[in-house]
Amino acid sequence: MTVTKFKKTPYTVDVRDLINRPGTMHERHLDIEVPDDLGAGLVVVKAGSILSTELRLEAMHEGILVSTEVYARALGECGRCLKDIDLPVRVQFAELFGYPQEEAFEFEILDDHVDLESLIRDAVVLALPFQPVCRRDCPGLDSETGQPLDELPELVSDDALDPRWSALAGFTASTDKDMGANIHVSDSREEK
46 MTVTKFKKTP YTVDVRDLIN RPGTMHERHL DIEVPDDLGA GLVVVKAGSI LSTELRLEAM
106 HEGILVSTEV YARALGECGR CLKDIDLPVR VQFAELFGYP QEEAFEFEIL DDHVDLESLI
166 RDAVVLALPF QPVCRRDCPG LDSETGQPLD ELPELVSDDA LDPRWSALAG FTASTDKDMG
226 ANIHVSDSRE EK
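Everything in the sequence shown is counted per this note's numbering, starting at 46 for the first residue and increasing by one.
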């Protein structure tokens with residue numbers, strides 16, 4: 046059995062008043078200042094920002110069940126137009142921290158504390174969008190000028206059309222009314 050050394054961080058929570066007291070429950074609110082950026086893509090929860098954390102700690106026979114809800118703000122860029130965006134992040138998870146003993150638990154209580162760092166970090170990073178957008182219908186950037194398409198005036202010129210489509214320029218959309226004039230329905234009973 047390996048002995049893990051306890052290290053106090055902003056993510057550690059003292060649970061000594063719950064240890065070996067099954068049925069006991071406490072709720073706590075923690076504001077955690079993020080020591081390092083959470084995420085590495087187009088949006089991240091920046092170092093120095095605050096993670097607002099609601100904890101529910103329940104003592105059980107096997108350990109302490111920690112139910113957590115985390116709120117944060119992620120900053121970054123839209124994946125289409127590169128505008129700055131500010132996204133709300135909300136994650137929930139629950140994990141059982143076992144008492145140190147022979148039975149193996151993924152997470153254990155160390156020196157009367159639970160360390161939520163890896164759980165919070167993983168949950169927040171996985172909640173961040175891979176391709177964030179400033180709005181669902183963001184048109185992106187113009188391929189020639191690099192300007193956001195929603196900021197450009199709408200210009201339609203004949204020069205911009207691909208010459209391979211010129212044969213279709215004379216065609217217009219037909220309506221159902223026009224189509225109905227050319228359709229002849231025959232009744233097979235009349236032909237007999």
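Here a beta-carbon is modelled for each residue, glycine too, at the ideal position from N, C-alpha and C.
Here the structure is a predicted model, which is why all the values come from computation and not from measurement.
A residue is called buried once 16 or more other Cβ atoms fall within 10 Å of its Cβ, and ASP131, having fewer, is exposed. 8 Å or more divides the Cβ of VAL79 from the Cβ of VAL159. Here DSSP, grouped into helix, strand and coil, assigns LEU213 to helix. Following the DSSP letters along the chain, one finds ASP167 in no beta strand (DSSP E) but inside the alpha helix (DSSP H) bounded by residues 162-172.
For VAL58, the uninterrupted beta strand (DSSP E) run begins and ends at 57-59, by DSSP. Here DSSP, grouped into helix, strand and coil, assigns GLU78 to strand.
Between ILE165 and VAL111, the C-beta gap is not smaller than 8 Å, which leaves the two residues out of contact. Taken atom to atom, the span from the alpha-carbon of PRO193 to that of ASP187 is near 6 Å. Contact check for LEU102 against ARG73 passes: the beta carbons are separated by less than 8 Å. Here the alpha carbon of LEU141 sits roughly 27 Å from the alpha carbon of PRO174. ALA104 is not a Cβ neighbour of GLY143, given a cutoff of 8 Å. When the Cα atoms are used, CYS179 and ASP62 turn out to be separated by approximately 45 Å. Close CB contacts of ILE154 within its chain, under the 8 Å cut and outside five residues either way in sequence, are with VAL60, ILE64, GLY108, ILE109, PHE142, GLY143, TYR144, PRO145 (chain order).
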